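Structure follows, in structure tokens:
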């Protein structure tokens, strides 16, 4: 967990390199040809001895991620077995990952035009919204791992679209996952900080403070102090704090 000195330079730690820009451009312009439609790679997703198996066309995976292209075409275990083990993500996030690989779209229940008319109990709706919001967070982290900025942006846009809807939310326990799995200066950290400052009411912070990581609280406090000093010169007296 970062200390004050590292967190205060949050904006300087994360930079998109020229290589990232090239990757982003490639993802926008190239399409898979499926010249070798039978060439598949396997992903084993989830922790423990019984991960869930997914198979994806190798060309599609390598087209969208230089990290995966290097892995599957290299001499290490992934290249030898054409299998990639992912213990640090979930099947729900990987399903969204596959969906985007083939369509460059994310199909989500909460973004359906008829979502408000879907007949569900409150408990089921709450669970669906929490799981879908968390899956987008996990997807952003997975795309970061594989250096896929276009997918990261698509995941963030979907989060924001959901958040701006009448019933939209991101579960507070997602904050811990975000700050544990991203680096200082990450755009997702910055977005989370902004969301908390703009939309989290004080009573939620009090009730759910255990879900707010130290670095998130520090970033929120730092932003408030910076904005206050820029816009509101100090104006108080010692008597404002006298014992009554």
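Numbering (the working numbering), first residue to last: -10 to 233.
Virtual Cβ for every residue (Gly too), placed ideally from N, Cα, C.
Treat the numbers as computed from the prediction; the structure is a model and nothing was measured.
Please return the same chain residues whose Cβ sits closer than 8 Å to the Cβ of residue i, not counting the five positions on each side in sequence.
i	result
residue -6	Note that residue -6 scores a pLDDT of 38, beneath 50, so its modelled location is shaky; the value from the coordinates is reported in the next line. The answer is none, since no qualifying residue turns up.
residue 90	45, 49, 50 and 53
residue 21	46, 48, 49 and 52
Could you give the first and the last residue of the continuous alpha helix (DSSP H) run that contains residue i?
i	result
residue 72	Looking at the DSSP string, residue 72 is not in any alpha helix (DSSP H); the run it does join, the beta strand (DSSP E), is 72 to 75.
residue 46	Note, residue 46: premise wrong, no alpha helix (DSSP H); beta strand (DSSP E) at 41 to 46.
residue 100	Here residue 100 belongs to no alpha helix (DSSP H), and DSSP marks it neither H nor E.
residue 226	Here residue 226 belongs to no alpha helix (DSSP H), and DSSP marks it neither H nor E.
residue 149	138 to 152
residue 184	176 to 188
residue 88	80 to 92
Can you name, in chain order, every residue of its own chain whose Cβ lies under 6 Å from the Cβ of residue i, other than the five neighbours on each side?
i	result
residue 72	31
Alpha carbon to alpha carbon, how far is residue i from residue j?
i	j	result
residue 36	residue 229	56 Å
residue 88	residue 67	22 Å
residue 227	residue 220	22 Å
residue 116	residue 169	23 Å
residue 129	residue 140	7 Å
residue 171	residue 233	46 Å
residue 179	residue 133	15 Å
residue 119	residue 144	15 Å
residue 188	residue 215	19 Å
residue 174	residue 204	11 Å
residue 83	residue 98	16 Å
residue 105	residue 224	48 Å
residue 77	residue 59	20 Å
Among the options, which residue has its Cα nearest to the Cα of residue i?
i	options	result
residue 23	131, 48, 43 and 121	48
residue 125	91, 81, 182 and 231	81
residue 200	161, 173, 190 and 183	161
residue 25	45, 40 and 41	45
residue 149	132, 133, 174 and 121	121
residue 182	64, 213 and 131	213
residue 29	57, 39, 145 and 178	57
Over what stretch of residues does the beta strand (DSSP E) that includes residue i continue unbroken?
i	result
residue 29	29 to 34
Closer than 7 Å by C-beta to residue i: which residues in its own chain qualify, once you throw out the five before and the five after it? Chain order, please.
i	result
residue 194	201
Does at least one heavy atom of the ligand MN sit under 7 Å from the Cβ of residue i?
i	result
residue 177	The ligand MN is not part of the structure shown, which contains no ligands of any sort.
Assuming the contact rule is C-beta atoms closer than 8 Å, residue i and residue j should be a hit. Round their C-beta distance to whole Å, please.
i	j	result
residue 186	residue 209	6 Å
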